[in-house]
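Position one of the sequence shown corresponds to residue 2 (our numbering), numbered consecutively onward. Step one of this worksheet: look at the structure below.
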Amino acid sequence: MKKKILSLLLIAIVYNLGAQRLDPLRTKDFVAQEIWVDSILSAMSVDEKIGQLFMIQAYSNLDEKHEDFVAEMITKYHVGNLIFMQGTPRKQAELTNRYQDSAKVPLLIGFDGEWGLDMRLKDTYRFPWNMTLGAISNDSLVTQFGKHLGQHAKRIGIHVNFAPVLDINVNPENPIIGNRSFGEGKENVTEKAIAFIKGMQSEGILANGKHFPGHGDTAADSHHTLPLLDFDIARLDSIELYPYKKTFDVGLASVMTAHLNIPSLEPDPNLPTSLSKNVVTHLLQEKLGFEGLIITDGLNMKGASNYATSAQINLAAIQAGNDLLLIPQDVPASIAIIKQALNTKTLTEERLDFSVKKILKSKYWAGLQNYKPIVLEHIEADLNRITDDLLHRELVKNSLTLVKNINSNLPIRDLEKRKIAYVKLGDAENDSYLNMLKNYTKVEVVSANNLDGLMAKLKPYNYVIIGFHKSNLNPWKSYKFSNKELVWLQEIAREKAVVLDVFTSPYSLLQIKSFANIEGLIVSYQNSKLAQETSAQLLFGAFTAKGKLPVSIGTEFKEGAGLMSSNLSRFEYTIPEAAGMSSKKLALIDEMAGTIIGEKMAPGFQVFVARNGKVILEKSYGHHTHDKKLKVQNSDIYDLASLTKILASLPLMMKAEEEHKIPLSASLRDILPSFSNSNKETVTVKEVLSHFGKLKAWIPFYVGTQDSVTGENLSKFYRKKKSNEFNIKVAENLFINTNYKDSIYKYIKDADQRKSDGYKYSDLGYYIFKEALELKYQKPLETLVDEQFYKSLGANRTTYLPLKKFARNEIVPTELDTYYRNQLLQGYVHDMGAAMLGGVGGHAGLFANANDVGKIMQMYLQKGFYGGKRYLKSETIDKFNHRYFSDEKVRRGLGFDKPQLNPRVKSTCGCVSDDSFGHSGFTGTYTWADPKSGLVYVFLSNRVYPNMNNRGLIDSNMRTRIQQVIQDAIID
């Protein structure tokens, strides 16, 4: 024994210094490995050795009869290896523990998990297919992919994962490889394979290169027949064998031999390559020098099983040079025939020991010399981690391939000039794609039963997004266009500016005869929810395109083609951890939502959170009203109340200041001559924006139009029907006298100024700003802000007078008004003064959903830039986000609210930076942005339902308590 140990130590020295290809199964502590392997091997009977050659199927979704069968195969026939098939992770782990406990030598557990455990197991993770990964330029991401698969495999007790596929998919008609291949280019396939192997094997999981010597250039499926590859040796050496030679150099642990008919390698046309000594021994082991574990492809496949009896096939596979028989049929008969071969010397015990030793070395390599049962606790969570989601997103983002982009049509710019239609082709779901497109701007679905009808409906649109959606169930599903779809595609492209987004194999594009009229072409590879959401974001410039085609599309687009696109600094929609935040901590908002709704602080609400331009929470809670008939949707719009000040009036005031039309130093008489000779004529714009102009907080104008005793609206002011004299609509069936607007401004002009200096929040200045802006620009306020900001921002769900644009059920009601309008206010502004102006006020009247509010706040946070367009100068944002009267304890900037100066008067959670800014609204709305943390927070509710006396939300400080939760969720 001492001599053997010294010999092994000498070999170790040579091994560490040698330049020849290393044995991939040899571990760093290979002296201990050799001792362990020899001790096991020397104690084995012939039957036990033969049993080590088999890797039989095990299911975790079958009955006890099957489980007992597997157990018997292990105990009675000494089967040494299992490949798990369908089932669930917990059950598989339980069975693995049971089977391992019954085995004399620890079992090597195999699994077919090319894109993750989801390939076989429910409730486990699914990563993209290899073709998708083949489009990624950054190979380190593929290494991470391999690591994650390795971690999942190890967690569930798997030791060898039958991946990666090394087949170079030269043939687009290949029915079984296709999306399972990294592509058609041997260099790209090899680079991706090496990256994957390094990642997975670094986690102690044997990688398995398949299907040797190459299954990529055939139109037949070896599951059903014996495919023919009629190529000479030079071609095979140049293409099919290329990735094997390269991966052997980096330590690929195992290879799977395929059931193929390759005459240049094996002259017997009936003998599959998996059973050919010429292929397995002479080529793979001797010529290519592979010393790792050699495993057959499934021996139940027709490509092998048609050759002879199951027992004969299994013997032939060993005689050919394979070490391990995958899914062998009729194990008892196979044992008998192998023993017979040993007796007749057609198979020697030395040959048997050679394979058994490699199998045992593989088990040691995988850590089975220190076998421990699988821990069942948290197993599902450990196989579906946030880190997996993060990697998955990066893989998909980096795969998306911009193939064609005429006139830089992508990403989509100038939203104010676009009228966008979406046309779906294909037979799979597309909801995630469409919903994400609508996050950016108005996109309308157009469909028809016939082409003429479709073209007629498309006439009003100048931009058409066509999504081709095919099944994402598995890589073998059909990816082809129907003839009808091809005709429709060409006709639409002939008439309209078109971007085609393909959510299936890039080979689908081979059917398109001409791309001449297609301005934009994106390959998104798969129709997963994540692929749909991510691709929609690429269209609007949330990030840049980086992918490269892994296969050629005829002569039009070569393998490796792929264009870069621009990042327009629009929102990216992702998960909290992608922005350095904690999903677990943010989940506290769900608990707080239960309190808000349960205690009827509001019937429902929306919460929106973005960090560093990444939207990480966009969620709606509860219902429109307490009767719970209509759930709040993310697209629903709320009455923003005083958020109107910073989302409508303020951006226009900033622009007017930049253009020197309304300078901050101007007095009210300068910007609105009617205020000359008033007690407010010398008050400056800066003072009003800072709420330091001594203006009254507000004036209840409506009270002056009501009977002082009964509170009824007086007929001299109101009518139920519109007329020339009464043409300002206050609410449903309520119109105010046309001239009353002049009275409102007279009341403001004549109102007493406050006697004391100092801060006093006031709405009145924004009545003045509205008039001044409309006078300077000669357009109504609602038109001005829409044209200057909302349209190009893609804030299509932000508007005054929402009933002109939206269905009533998309607008959340505010108050059940019993004091003025005497009706449920839905689509009509809650603020009485703004209502008396026809629903458009400088201080109130704006409606929006949280996503759109977030866009405007992000534009501010990005110093006036969003969507590839500069709206305001950076210095303008800084000028308005500044306190000018802080010595007088005025916390406000210009228009913007700022963090509290007085601890007793809280405008925020107290957890934000002094550079932060935002505003709150009477109806239960709130938004805040913080340049230091990069956070944008929006909270929209109708807390005034059923009436404005419902103060629970305000008294409990729920809006700022949620702000604290968001701040606390930052983890980087």
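Cβ atoms here follow ideal geometry from the backbone N, Cα and C, with glycine treated the same way. Nothing here was measured: the structure is a model prediction, and the numbers come from that model.
Integer-rounded CB distance, given that residue j should sit under 8 Å from residue i
i, j, result
"K405", "G521", "6 Å"
"N189", "G151", "N189 to G151, Cβ: 22 Å. No contact."
"M74", "I51", "Actually they are not in contact, since the Cβ atoms of M74 and I51 sit about 12 Å apart, beyond 8 Å."
"K549", "G561", "5 Å"
"V447", "A422", "4 Å"
"L109", "V161", "6 Å"
"S363", "L294", "5 Å"
"A312", "S275", "No, A312 and S275 are not in contact; Cβ-Cβ is about 16 Å, not under 8 Å."
"I663", "A773", "6 Å"
"G922", "A698", "Not a contact, Cβ separation roughly 15 Å."
Contact set for residue i: own chain, Cβ-Cβ below 6 Å, skip 5 residues either direction
i, result
"D853", "A796, R798 and T799"
"D222", "P176 and I177"
"I1034", "What the structure shows of the chain is the stretch from 2 to 973, and residue 1034 is not part of that stretch, so it cannot be assessed."
"L856", "The residue asked about is misnamed: residue 856 is Lys in this sequence, not Leu. Result list for K856: L794 and A796, in chain order."
"V616", "F572 and Y574"
"L416", "T442, S793 and G795"
"R960", "Y927 and F940"
As assigned by DSSP and simplified to three states, the class of residue i
i, result
"T248", "helix"
"M2", "Caution applies to M2, whose pLDDT of 47 falls short of 50 and renders its modelled position unreliable; the value that the coordinates give is listed next. Three-state result, M2: coil."
"Q824", "strand"
"Q964", "helix"
"T310", "coil"
"K730", "strand"
"H831", "coil"
"S744", "helix"
"N371", "helix"
Nonlocal neighbours in the same chain, by C-beta distance under 7 Å from residue i, ignoring five residues either side
i, result
"H225", "K303"
"A543", "R571, F572 and E573"
"E811", "S636, D637 and I638"
"Y508", "P173, Y480 and V552"
"V731", "I737, R822, A836 and M837"
"I519", "K405, A494, V499 and L501"
"P461", "K420"
"Y622", "A594, I598, G605, F606 and V633"
"D168", "I178, S182, H212, G215, H216 and G217"
"N728", "F736 and T739"
"Y861", "I878 and A930"
"K458", "V447 and A449"
"Q824", "A732, E733 and D818"
Residue i - partner residues in DSSP beta bridges
i, result
"Q58", "I84"
"F940", "V608 and Y927"
"G919", "D898 and W929"
"F558", "I554"
"F504", "H470"
"I812", "I638"
"H624", "K632"
Nearest neighbour of residue i, chosen from the options [CA to CA]
i, options, result
"D140", "S400, G117 and F866", "S400"
"V332", "P701, G81, R127 and L272", "G81"
"Y867", "A588, F886, L794 and E816", "L794"
"Y767", "Y778, L696, K780 and A808", "L696"
"S553", "K530, A517, L510 and E592", "L510"
"N725", "Y861, N740, S182 and D24", "N740"
"K805", "E496, P814, Y829 and K358", "Y829"
"I878", "A657, R127 and A517", "A657"
"S103", "N714, H79, N279 and A367", "H79"
"I700", "Y748, N680 and L715", "Y748"
"K907", "S875, D956 and Q53", "D956"
"N271", "L227, N301 and I296", "L227"
"D758", "E889, F355, N98 and P107", "E889"
"E816", "Y946, L122 and E486", "Y946"
"D389", "D743, T125 and M45", "T125"
"P577", "K155, N62, I84 and D973", "D973"
Neighbourhood of residue i by C-beta, 8 Å cutoff - its chain only, sequence neighbours within 5 removed
i, result
"L289", "L242, Y245, K246 and F249"
"K439", "S636"
"S887", "L902"
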